[in-house]
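Listed in order, the protein sequences are those of chains W and G.
Its first residue numbered 1, the first sequence is counted upward by one per residue in this note's numbering.
Its first residue numbered 117, the second sequence is counted upward by one per residue in this note's numbering.
Backbone N, C-alpha and C define an ideal beta-carbon position, used for all residues, glycine too.
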Amino acid sequence: MAVLLQLVDDVVTNTFELNSGSVNLGRHPSNDIQINEISVSGEHAKIDIETNQYLDGVIDCYIEDNGSTNGTFVNELPVKARQRLNNNDIVRIAWNTFKFIDEAENELEKTAYLLE
Amino acid sequence: MSLGVYGESDIGFARRRNEDSIAWHQSSNGHNVVAVLADGMGGHRGGDIASKTAVDICIAQLSLLVDRDDLAVTELIDALNKAVSEANDHIRVAREQDESLSRMGTTLLILWVLGDQAFIANVGDSRCYRLSVSSAQQITKDDTVAQAMVDDGSITESEVPRIPFRNVLTKAVGTEPKVLADIQQIVMSAGDALVLCSDGLTGAVDAQQWPSIIADSKSVKQQVECLIDESINNKANDNVSVIMVRRQ
């Protein structure tokens with residue numbers, strides 16, 4: 001299962017599981033992951049969790065910025081369109097830092113193999 | 117117009133075995149060429165056997181036809197399909213006979229130049245590029261999960277290098293009872309060069325750098341050696357194979 005770890009000074013302060021469907025992130029209490037910090041927009045970003053069509057057991061998590069004021073970043077690059085999150089990506093929601101972990105992906109970081 | 121052709125396969129910087137295979141056959145008048153490149157895979161062993169089997173079968177079958185300047189396109193495409201199918205069957209038989217080879221398979225890339233026409237048959241993620249003085253244009257499309265996700269709009273081309281399963285193939289020779297290659301036909305003009313390569317080259321040297329890397333080399337042999345040398349300098353983490361066919 002994929003998780004989003006909230007980091008403060010490189011220390012994990014919260015762990016959010018990304019199970020299925022859509023996870024909304026923002027300052028408003030209605031969000032699945034509420035980040036109560038002034039730089040974060042009310043409805044800041046969204047992560048869609050989808051089953052990969054081609055690989056059994058693989059899920060794809062796609063992050064999208066909802067037109068936030070201070071931006072969403074993956075590895076310090078601004079998220080301009082919906083993009084896939086990969087294991088160990090650093091996600092920044094305005095000034096709040098998270099690490100995306102998908103342990104299942106470690107097994108796939110190998111040489112070519114065949115889809116049978 | 118005659119063709120210059122040369123190829124090399126190198127174990128690369130990090131691998132213990134070379135699982136790539138290459139071969140080519142040129143017609144006696146120098147106008148036609150069949151070139152074959154395969155990148156095998158199979159866990160602990162078998163990759164080298166799979167790629168060599170595929171290359172040997174294709175060369176054995178297609179070299180019989182390469183002298184025929186009057187070959188119809190339909191005959192040529194039938195021959196390509198038959199060679200790919202036979203390679204698939206042979207690898208599958210070997211998989212069934214030896215448990216340790218049961219997961220082997222291979223990519224397979226065939227270039228057949230007949231006069232000014234080039235036919236490219238592809239299964240897997242080995243690639244064919246057309247080189248100009250200033251650019252390298254990818255002709256083939258990878259049979260990979262990552263490419264399928266690009267095609268269905270899930271990700272963009274720029275995301276592919278970061279996808280953890282970017283090397284997972286959706287199609288290979290030897291893994292399914294039947295396999296059908298994607299076949300393309302392109303025109304090859306005077307001065308055109310086509311490069312067949314395994315992913316060891318593309319992983320180590322960006323294709324857009326190739327024209328400048330080979331710019332100072334005159335012969336096809338020297339140009340291929342330059343590309344291989346550059347990949348080794350860049351510590352290629354996979355086997356590196358290159359065949360270049362240039363219309364003089």
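Distance, Cα to Cα, T111 (chain W) vs P293 (chain G)?
-> Unreliable positioning characterises T111 (chain W) in this predicted model, as indicated by a pLDDT of 44, which lies under 50. A coordinate reading is not provided.
Alpha carbon to alpha carbon, how far is A188 (chain G) from L181 (chain G)?
-> Each residue's Cα considered, the two are about 11 Å apart.
Tell me, please, whether the CB atom of R278 (chain G) is closer than 9 Å to any CB atom in chain W?
-> yes
Whole angstroms is fine: what's the gap from G163 (chain G)'s alpha carbon to S125 (chain G)'s?
-> Approximately 14 Å between the Cα atoms of the pair.
Residues that A264 (chain G) contacts on chain W, provided the C-beta gap is smaller than 7 Å = Y54
Does the stretch 193-201 of chain G come close enough to the stretch 219-239 of chain G that 3 or more CB-CB pairs lie under 8 Å?
-> yes
Relative to the C-alpha of L343 (chain G), which residue among G:L247, G:I207 and G:R363 is closest?
-> G:L247
Would you mind telling me which residues of chain W sit closer than 7 Å to S347 (chain G), beta carbon to beta carbon, in chain order?
-> Correct list: empty, because the minimum Cβ distance to chain W is about 16 Å.
Closer than 9 Å, CB to CB, is V58 (chain W) near chain G or not?
-> yes
Just tell me which of W:T13, W:Y62, W:D9 and W:D10 has its CA closest to the CA of N24 (chain W).
-> W:Y62
Out of G:D322, G:Q177, G:G319 and G:Q213, state which residue places its alpha-carbon closest to the alpha-carbon of A139 (chain G).
-> G:Q177
Sort G:T318, G:G156 and G:D354 by Cα distance to E135 (chain G) and report the nearest one.
-> G:G156
Should the stretch 310-318 of chain G be regarded as contacting the stretch 83-94 of chain W, the criterion being three or more beta carbon pairs within less than 8 Å?
-> no
Beta-carbon of T111 (chain W) versus every beta-carbon of chain G: anything under 9 Å?
-> Its pLDDT being 44, under 50, T111 (chain W) is placed unreliably by the model, and nothing is read from it.
Ends of the beta strand (DSSP E) at G26 (chain W)?
-> G21 to G26
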